[in-house]
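Student: Per this note's numbering, the sequence shown starts with residue 404, numbered consecutively.
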Amino acid sequence: MPSDSRPQQSPSTPEPATGSGDSAASPAGGQGDAPAHPRITSCRTRTGVLKPTRQDVWDRQWGILGRDASDAPLDASEWFGREAPLVVEIGCGTGTATADMALAEPGINLVAIDVYKPGLAKLLQLIEDNGISNIRVLRGDAVSILEDMLGPGSVDGFRVFFPDPWPKKRHHKRRLLTTAMFHLMATRLRPGGGVHVATDHSEYAEFIEESGNAEPLLGPVTWPWPMSSVRLETKFEGRAARIGNSISDFAWGKLPR
Numbered sequence: 404m405p406s407d408s409r410p411q412q413s414p415s416t417p418e419p420a421t422g423s424g425d426s427a428a429s430p431a432g433g434q435g436d437a438p439a440h441p442r443i444t445s446c447r448t449r450t451g452v453l454k455p456t457r458q459d460v461w462d463r464q465w466g467i468l469g470r471d472a473s474d475a476p477l478d479a480s481e482w483f484g485r486e487a488p489l490v491v492e493i494g495c496g497t498g499t500a501t502a503d504m505a506l507a508e509p510g511i512n513l514v515a516i517d518v519y520k521p522g523l524a525k526l527l528q529l530i531e532d533n534g535i536s537n538i539r540v541l542r543g544d545a546v547s548i549l550e551d552m553l554g555p556g557s558v559d560g561f562r563v564f565f566p567d568p569w570p571k572k573r574h575h576k577r578r579l580l581t582t583a584m585f586h587l588m589a590t591r592l593r594p595g596g597g598v599h600v601a602t603d604h605s606e607y608a609e610f611i612e613e614s615g616n617a618e619p620l621l622g623p624v625t626w627p628w629p630m631s632s633v634r635l636e637t638k639f640e641g642r643a644a645r646i647g648n649s650i651s652d653f654a655w656g657k658l659p660r
């Protein structure tokens, strides 16, 4: 199966919006707390037009495998029908890398988050075609999902592969992986859980490293994690290699209290 991963942000230039957002949100440290300052959104949830075959699979599978973001806490064990380590991928895009990872790690429950309906429909198609049982899909703003649906200490691992770097300085406020986002992810991790990030943008890599290292709840990785440390190559990584961009991988572990 080919690998692909897209950032959570819309593939096209998004419109400015008010209200909930993702990249430059200022998440609070605890569930239910107000954000430290007004959230800046990087994208709107994009509906997109589905091909008839994708609409068919959406109609068959969304009610079982997918949910829209809400303020209802997520009971992952009930949704998956089993107890297993919970890994959350932020920005699954068209989902081929997500499907590959789930097939390679049948012992984890994998929740994929994105806003792009056609991409999520493709992932549902991959799940159906390959008989994958350990993926569920959440559609909406990642920050809102972490704040409202994932309780403190409920996640074993986060993956954020090739998020939009928003390279122009005036757009840096839209970046997902701020210090506030690292803090929010850290509060949702169980002790010993981890955050795995990859980017092919050198300046964003420096920004990510600084932001992650600034979070006092995170520290050096202690192996093994519940999720694999091996990152399957994504379409974005293949493109980066062809144009000569180096890939930066980062990992942090949740420190014991």
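Backbone N, C-alpha and C define an ideal beta-carbon position, used for all residues, glycine too.
The model shown is predicted, which means the values in this text are computed figures rather than measured ones.
Where does A487 fall in DSSP's three states?
Tutor: Translated into positions along the sequence shown, residue 487 becomes position 84. A487: coil per DSSP, three-state reduction.
Student: Roughly how many angstroms lie between the CA atoms of S614 and P455, to the nearest whole one?
Tutor: Here residue 614 is taken as the residue at index 211 of the sequence shown, counted from 1. Here residue 455 is taken as the residue at index 52 of the sequence shown, counted from 1. Spanning the two alpha carbons is a distance of roughly 43 Å.
Student: Return helix, strand or coil for F585, following the three-state DSSP convention.
Tutor: Locating residue 585 in the sequence shown gives position 182, counting from the first residue. Reduced to three states, the DSSP call for F585 is helix.
Student: Apart from the five residues on each side of it in sequence, which residues of its chain come closer than 6 Å, Cβ to Cβ, to G469?
Tutor: For the purposes of this step, residue 469 is taken as residue 66 along the sequence shown, with counting starting at 1. V540, listed in sequence order.
Student: So for P555, helix, strand or coil by DSSP?
Tutor: On the sequence shown, residue 555 is found 152 positions in, with the first residue counted as 1. It is coil, neither helix nor strand.
Student: Check whether the region 489 to 496 and the region 607 to 623 touch, using three or more Cβ-Cβ pairs below 8 Å as the test.
Tutor: no
Student: Using only the alpha-carbon positions, how far apart do M588 and K520 sit?
Tutor: Translated into the one-based positions of the sequence shown, residue 588 becomes position 185. Translated into the one-based positions of the sequence shown, residue 520 becomes position 117. In a straight line, the C-alpha of M588 is about 24 Å away from that of K520.
Student: Sort Q458, A500, L477 and H586 by Cα distance to G597 and report the nearest one.
Tutor: Taking the sequence shown and counting its residues from 1, the one referred to as residue 597 is at position 194. Checked all of Q458, A500, L477 and H586; the closest Cα to G597 is H586.
Student: Just tell me which of N648, L529, M584 and T590 has its CA closest to the CA of D544.
Tutor: For this step, residue 544 is matched to residue 141 along the sequence shown. Among N648, L529, M584 and T590, the Cα nearest to that of D544 is on M584.
Student: Do you know offhand how far L506's Cα is from R591's?
Tutor: For this step, residue 506 is matched to residue 103 along the sequence shown. For this step, residue 591 is matched to residue 188 along the sequence shown. One C-alpha to the other measures close to 25 Å.
Student: Using C-beta distances below 6 Å, list every residue in its chain close to S651, excluding the 5 sequence neighbours before and after it, in chain order.
Tutor: Along the sequence shown, read from residue 1 onward, the residue named residue 651 stands at position 248. Hits under 6 Å: T602 and A608.
Student: Ordered along the chain, which non-local residues of its own chain (more than five positions away) have a Cβ less than 6 Å from that of F483?
Tutor: As a first step, residue 483 must be located in the sequence shown, where it is residue number 80. Only N512 meet the Cβ criterion.
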